[in-house]
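Okay, so here's the structure we're looking at.
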Amino acid sequence: MSETLPAAPVVQLRVPTDEDALAWHRVFADPDVMEFHGGAPAELSVYEELTARQRRHDAERGFCLWTLLDAEGEVIGFTGAQPWPHAWGPTGEIEIGWRLARRAWGRGYATAAARAALERVRAAGVTRVVAMVDARNERSIAVTRRLGMELAETFTTPVSERTGYCFGLTL
């Protein structure tokens, strides 16, 4: 007997707006969501700068971290790609990433959105992406596997000194 896989959820990606800074701030105010991103919610100004930077990336590169919307048009997070922003790690690489509201976990949104983002990144001429994932983040590791990414490197983050993985994917 064959197993029927559930249909992928409907996802919409849009270039972040000014208003999305507040939406991201609200969605990511959950300590569970921020567990692998420093643990505490960031200030609104962090998201204001991040959404502005993503608009620049989209204008200059044709890709960014897009605001992720569900079928009803509600903001449930972000997904997309950007140049790796730190002096350590995979400098010069394009990192794909995702962060979702707690209510959206376990429903296939991250994988569906990341696949849509990969299509857009490939269309923009990117030939390889990486995903940097905390070694304890089993959900994100599972997404990298569903995307066909392969473990390229194990690293220790300089600030938190946590173990992480760098997954790679040739597009």
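Numbering (this note's numbering), first residue to last: 628 to 798.
Where a beta carbon is used, it is the ideal one built from N, C-alpha and C, also for glycine.
Note that the structure is a prediction, hence the values are computed from the model and not measured.
Excluding sequence positions up to five before and after A739, its CB lies within less than 6 Å of the CB of A635, P636, V638, all in the same chain and listed in chain order.
Counting along the chain, the unbroken beta strand (DSSP E) around L696 starts and ends at 692 to 696.
The C-beta of V702 has 16 or more other C-beta atoms within 10 Å across all chains shown, which makes the residue buried. As summarised for the region 749 to 776, the continuous beta strand (DSSP E) elements at least 3 residues long and confined to that stretch are 755 to 761, given in chain order. Bounds of the alpha helix (DSSP H) holding T678 are 671 to 688. Taking 7 Å as the cut-off, the Cβ atoms of P717 and W711 count as close. Exclusion of the five residues before and after N764 leaves F663 as the residues of its chain whose Cβ lies within less than 6 Å of its Cβ. Judged by DSSP in its simplified three-state form, W711 adopts coil rather than helix or strand. Under the three-pair Cβ rule at 8 Å, the region 668 to 686 counts as touching the region 645 to 652.
Just so you know, the alpha carbons of P785 and V760 end up roughly 14 Å apart. Here G791 is not near A779, since their CB atoms are 7 Å or more apart.
The beta carbon of A667 is closer than 8 Å to those of P658, M661 in its chain, skipping five residues each way along the sequence. By the Cβ-count criterion, W715 is exposed, with fewer than 16 other Cβ atoms from all chains shown falling within 10 Å of its own Cβ. Boundaries of the alpha helix (DSSP H) around L649: 645 to 654.
Residue pairing of Y792 in beta bridges, as defined by DSSP: V760, T781. Membership of E722 in the beta strand (DSSP E) is indicated by the continuous run 721 to 727.
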